[in-house]
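One structure is given here, and the rest of the page talks about it.
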Amino acid sequence: MPFSSQRFSSAAAADLTADKVLENPQWPDSLPFREEDFQRYDPGADKLFYDSPRFVKHIDDAAIAALTKYYDEVFPPSGTEDAAILDLCSSWISHYPENYRAGRIAGLGMNEDELRGNKVLTEWVVKDLNEEPKLPYEDNSFDIITNAVSVDYLTKPIEVFKEMHRVLKPGGQAIMSFSNRCFPTKAIAIWTSTGDQDHVWIVGSYYHYSVPGGWTEPAAKDISPSPTLGGYFGKTDPMYVVCAKKKGPQQA
């Protein structure tokens, strides 16, 4: 029998688009999740699941192009030597703009062969954040943190978001992107039992509850590609971004 958790109902109205879900959200006073929300159909060690490299794309080309375009709009200009970017849950490709470079681009992921093949990275480390959510970086190290289509696999997301806040520079931005594609046996129960608008609210809540008052209000953007633009015809994968910035001392 497939695993299922208690149906999660976000504070977002069902008729809201993903872009609008995080506008004036009504956050509960306390964290609205239960332990079982972060359980998975396959509770086995992630190290074993990701042991063999997967040199595949987990979203279609149209969604990749949309994400790359978004990154191009918000990243520091390519070649910025004092810019530092961290790609969490990284793999053999980060979907950054073509030939993009910065002074430091760190990758943290689960498979050594995949990370070694990622040409945009200047450094990388293998680490299981579900086993130990501590990030191996100094405080105030990065201008941007990205996580592409992997936030749904985090079983300790609040701890990870606290760590993201710690290693970001004041004013630095965390960018979580996701689609409706996943490894269903490894995604958390609250994700597999809910829809896209709920996913936006869930990720927004990770910011809100991880470091109360420490993030700017999370914002969502639907960057899903149009099936009739850019040479793509027919149905394409949806693509969403939820981002927030680490507040500086004057904003706290």
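Residues 1 to 252 (the UniProt record's numbering) make up the sequence shown, in order. Glycine included, C-beta positions come from ideal geometry on N, C-alpha and C.
Does at least one heavy atom of the ligand ATP sit under 6 Å from the Cβ of residue i?
i           : result
tyrosine 41 : By its list of ligands, the structure shown contains no ligand whatsoever, and the ligand ATP lies outside what it can speak to.
With the cut-off set at 7 Å, would you say residue i and residue j are in Cβ contact?
i              : j              : result
glycine 109    : serine 90      : yes
proline 97     : aspartate 72   : yes
arginine 40    : isoleucine 188 : yes
arginine 101   : alanine 84     : no
lysine 162     : serine 210     : yes
isoleucine 190 : aspartate 37   : yes
glycine 107    : proline 170    : no
aspartate 128  : lysine 186     : no
Between residue i and the rest of its own chain, which residues show a CB-CB distance below 7 Å, the 5 nearest in sequence each way excluded?
i            : result
histidine 58 : Val149, Arg181
Can you give me the C-alpha to C-alpha distance between residue i and residue j, rounded to a whole angstrom?
i                 : j              : result
proline 32        : threonine 192  : 17 Å
alanine 18        : aspartate 198  : 9 Å
leucine 22        : alanine 244    : 11 Å
histidine 165     : threonine 236  : 33 Å
phenylalanine 178 : alanine 220    : 11 Å
lysine 156        : threonine 122  : 27 Å
glutamate 131     : isoleucine 145 : 20 Å
glycine 231       : aspartate 60   : Residue confidence is low: glycine 231 scores 49 on pLDDT, short of 50, so the model does not pin down where it sits. Its coordinate-derived value is still stated next. The alpha-carbon atoms of glycine 231 and aspartate 60 are separated by roughly 13 Å.
leucine 88        : valine 200     : 18 Å
threonine 216     : asparagine 118 : 31 Å
valine 160        : leucine 16     : 28 Å
valine 120        : proline 76     : 15 Å
Apart from the five residues just before and just after residue i, which ones in its own chain have a Cβ nearer than 8 Å to its Cβ?
i             : result
lysine 69     : Ile223
alanine 66    : Ile223, Ser224, Pro225, Met239
asparagine 99 : Ser78
residue 253   : Any answer about residue 253 is impossible in this case: the structure gives the chain only from 1 up to 252.
glutamate 81  : Ala102, Gly103
What residues in its chain sit with their C-beta under 6 Å from that of residue i, if we drop five residues either side in the sequence?
i              : result
valine 126     : Glu112
tyrosine 137   : Val167
methionine 176 : Asn147, Val151, Val203, Val242
tryptophan 27  : His208
tryptophan 124 : Gly107, Leu115
aspartate 139  : Arg166
What's the call for residue i, buried or exposed, on a 16-neighbour Cβ count within 10 Å?
i             : result
glutamate 114 : buried
aspartate 143 : buried
proline 133   : buried
glycine 195   : exposed
glutamine 173 : buried
### Query
What are the uninterrupted segments assigned as beta strand (DSSP E) that are 3 or more residues long and contained completely in the stretch 129–200, given in chain order?
142–148, 168–178
Quiz item: Could you give the uninterrupted runs of the alpha helix (DSSP H) lying entirely in the stretch 72–133, keeping only those of 4 residues or more?
Solution: Fully enclosed alpha helix (DSSP H) runs of 4 or longer: 112–116.
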